[in-house]
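The structure appears below as structure tokens.
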Amino acid sequence: MTDHDVFAELYGHSSETCASAPGRVNLIGDHTDYNGGFVLPTALPQRTRVQLRGRDDRRVRAASAQRPGVVGYELGAEHKTGGWLDYVQGITTILAAEGRPLAGFELYVDSDVPVGSGLSSSAALEVALLRGLRKLLSLGLDDDVVAALAHRAETEFVGAPVGIMDQLVCSKGDESTALFIDTRSLVVEPIALPPDLGLVVIDSGVPHDHSTGDYRKRRAECEQAAALLGVWQLRDVEAGDPRIAGLPEPLARRTRHVVEENQRVLDAVRALSAADLPALGRLFDESHRSMRDDFEVSLPAIDLLVALARRHPAVLGARLTGGGFGGAVVILTLRAHTAAVALDVVAAYSAILPREPMVILPWLHAQQNHPMNLES
Ligand code: ADP
Ligand code: MG
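Per this note's numbering, the sequence shown runs over residues 126 to 501.
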């Protein structure tokens, strides 16, 4: 059954317009965003797609292939429910707050971005919906405004304390380019990915949850460390600053991760620009060690995936990507080896842990011939 059929089956008529947005993977630079530092994400081939049809009233009806049932609300009466509809309500709440003209609509969402794996299904949903509403209601929003509105929906309405990286890359990124983002100035610099670079992203099958205490605790520790060092944010601390070692633990370890990770992002941009993939791979490895030992956001299942990847002769580097406490790993290899690396690592992982990881690969996606494989 196609997505088009599902919309008609749900709502009794076909959709009026559609839009999509990609998930994203952060190549390097994790837990740096809320410290005013650097990140280097790229868009995934996987996308979230929305189909929409306008209504004559102020009612919103919404369904997702990834969630059961049809849910809804009245525009102007948005209220948090704790479910996925909060992302939709967040978008209409923020659009209304911005004085944008709104009308009711019917929505169907389908996505091949894994949900809750640190690959930004939430921003893909927000950006896809904003792109769809931009078309449906002729809102005339540019990609920067879409990212900003999506970010406000997630932080102000849904209540997830996330930086703007996800929304920026889902709105402005593509698969052949990484975005070097200075999260303090929000200056975005596109960095072309070398054509022979191959990425394999493997979902560990352990879902993360940003609202859990661990993520907030790390943020608080960074703020505490910055206060003790007398700086606004850890971005303002130099790598190798002797005062870092003088901090009480675990603050010294946390600070070392953030400060060195910022430097690694700068080094990764240089490595990419020089098409020096072995150097980039070493940075991936160092970043993983730092996430595991200093920032302590990895898990045994993730460390296992990284170790299995690292044992593969075609792999140049591997690391946990995203906030941690679950989620996915990103593996650097050569484009020609992506399929072999993915299959070998997944087979080895599945033999040890019963959880089925999801492999994410451009070549798999290209073979899918999705009926709604539409650009924005
Ligand atoms: P991530 O962005 O890393 O995937 P989040 O916890 O930030 O994880 O966002 C996941 C949440 O976003 C889901 O629990 C759900 O509420 C919502 N969501 C994302 N994609 C979809 C989808 N295709 N259908 C319904 N809800 C979705
Ligand atoms: Mg998210």
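We treat Cβ as the ideally placed atom computed from N, Cα and C, and that holds for glycine.
Got a sec, what are the start and stop residues for the alpha helix (DSSP H) Tyr474 sits in? Locating residue 474 in the sequence shown gives position 349, counting from the first residue. Start and end: Thr463 to Ile477.
Start and end residues, beta strand (DSSP E) containing Gly355: Here residue 355 refers to the residue found at position 230 of the sequence shown. Looking at the DSSP string, Gly355 is not in any beta strand (DSSP E), and its letter there is neither H nor E.
Using the beta-carbon of each residue, find all residues closer than 6 Å to any heavy atom of the ligand MG and list them in chain order. Ser245, Ser247, Ala248 and Asp291
Considering Asp211, what are the terminal residues of the beta strand (DSSP E) in which it resides? Reading the sequence shown from its first residue, position 86 is the one you call residue 211. It is not in any beta strand (DSSP E) - Asp211 instead sits in the alpha helix (DSSP H) that spans Leu210 to Ala222.
Looking at the structure shown, is Val431 part of a helix, part of a strand, or coil, going by DSSP? For this step, residue 431 is matched to residue 306 along the sequence shown. Of the three classes helix, strand and coil, the one that applies to Val431 here is helix, per DSSP.
Below 8 Å between beta carbons: does that hold for Asp155 and Gly447? Within the sequence shown, residue 155 is the residue found at index 30, counting from 1. Within the sequence shown, residue 447 is the residue found at index 322, counting from 1. Against a cut-off of 8 Å, the Cβ pair of Gly447 and Asp155 comes out as a contact.
Please go through the stretch 214 to 301 and give each complete alpha helix (DSSP H) segment of 4 or more residues, from N-terminal end onward. 246 to 261, 268 to 277 and 290 to 297
I want to know whether the stretch 450 to 459 touches the stretch 413 to 433 - three or more CB-CB distances under 8 Å. yes
So, for Leu311: in the same chain, excluding its five sequence neighbours on each side, which residues have a beta-carbon less than 8 Å away from its beta-carbon? Taking the sequence shown and counting its residues from 1, the one referred to as residue 311 is at position 186. Counting only Cβ-Cβ distances below 8 Å, and skipping sequence neighbours, we find Ile289 and Leu293.
Taking Cβ positions, are Ile327 and Ala467 nearer each other than 8 Å? Here residue 327 refers to the residue found at position 202 when the sequence shown is read from its first residue. Here residue 467 refers to the residue found at position 342 when the sequence shown is read from its first residue. Yes, they are a contact pair.
Per DSSP, cross-strand counterpart(s) of Thr167: The sequence position of residue 167 within the sequence shown is 42, counting from 1. In DSSP, Thr167 forms a bridge with Val150 and Ala303.
Whole angstroms is fine: what's the gap from Val131's alpha carbon to Pro170's? As a position in the sequence shown, residue 131 is number 6, starting the count at 1. As a position in the sequence shown, residue 170 is number 45, starting the count at 1. Straight through space, the alpha carbons of Pro170 and Val131 are spaced by roughly 23 Å.
Comparing alpha-carbon positions, which option in His276, Ala285, Phe282 and Arg309 lies nearest Cys295? The sequence position of residue 295 within the sequence shown is 170, counting from 1. Answer by Cα proximity: His276.
Would you please state the rounded distance, in angstroms, between the beta carbons of Ala278 and Ile316? I believe it to be under 8 Å. On the sequence shown, position 153 is the one that residue 278 refers to. On the sequence shown, position 191 is the one that residue 316 refers to. Going by Cβ atoms, the distance from Ala278 to Ile316 rounds to 28 Å, so no, they are not a contact pair.
Neighbour-count burial assignment, Ser246, 16 or more Cβ in a 10 Å radius: The sequence position of residue 246 within the sequence shown is 121, counting from 1. The residue in question, Ser246, is buried, as its Cβ has 16 or more Cβ neighbours within 10 Å.
If I measure Cβ to Cβ from Glu348 and keep anything under 8 Å in the same chain, skipping five residues before and after, which residues do I get? Taking the sequence shown and counting its residues from 1, the one referred to as residue 348 is at position 223. If we look at Glu348 and ignore the five residues flanking it on each side, it has no Cβ neighbours.
Span of the alpha helix (DSSP H), counted from its first residue to its last, around Gly406: Here residue 406 refers to the residue found at position 281 of the sequence shown. Leu402 to Arg414 is the extent of the alpha helix (DSSP H) around Gly406.
Distance, Cα to Cα, Pro403 vs Ile306? As a working mapping, residue 403 is identified with position 278 in the sequence shown. As a working mapping, residue 306 is identified with position 181 in the sequence shown. Answer to the nearest angstrom: the Cα atoms are 23 Å apart.
Please report the straight-line C-alpha distance between Leu266 and Val384, rounded to a whole angstrom. Numbered from 1 along the sequence shown, position 141 holds the residue referred to as residue 266. Numbered from 1 along the sequence shown, position 259 holds the residue referred to as residue 384. The straight-line gap from Cα to Cα measures roughly 36 Å.
Leaving out five residues before and five after Gly241 in sequence, what residues of the same chain have Cβ atoms less than 6 Å from its Cβ? Reading the sequence shown from its first residue, position 116 is the one you call residue 241. Same-chain partners within the cutoff: Pro332.
Mind reading off the beta-carbon distance from Asp291 to Ala248? Whole number of angstroms is fine, and I expect it under 8 Å. For the purposes of this step, residue 291 is identified with residue 166 of the sequence shown, where counting begins at 1. For the purposes of this step, residue 248 is identified with residue 123 of the sequence shown, where counting begins at 1. 4 Å between Cβ atoms; contact.
Which residues does DSSP list as the beta-bridge partners of Gln176? The residue given as residue 176 occupies position 51 in the sequence shown. Partner(s): Cys143 and Tyr233.
Of the listed residues Val271, Val325, His413 and Leu232, nearest to Lys297 (C-alpha basis): The sequence position of residue 297 within the sequence shown is 172, counting from 1. Relative to the Cα of Lys297, the nearest Cα in the group Val271, Val325, His413 and Leu232 belongs to Val271.
Same chain, Cβ closer than 7 Å to His437, neighbours up to 5 away in sequence not counted: Position 312 of the sequence shown, counted from the start, is the residue given in the question as residue 437. Only Val466, Asp469 and Val470 meet the Cβ criterion.
Starting from the C-beta of Leu261, find all residues in its chain whose C-beta is less than 6 Å away, skip the five residues before and the five after it, and write them out in chain order. Position 136 of the sequence shown, counting from 1, holds the residue named residue 261. Hits under 6 Å: Thr142, Leu177 and Gly179.
Cβ pair count under 8 Å reaching 3, the stretch 365 to 380 against the stretch 393 to 410: no
If distances are taken between C-alpha atoms only, which option among Glu281, Asp268, Ala351 and Gln191 comes closest to His204? As a first step, residue 204 must be located in the sequence shown, where it is residue number 79. Nearest C-alpha to His204 among Glu281, Asp268, Ala351 and Gln191: Glu281.
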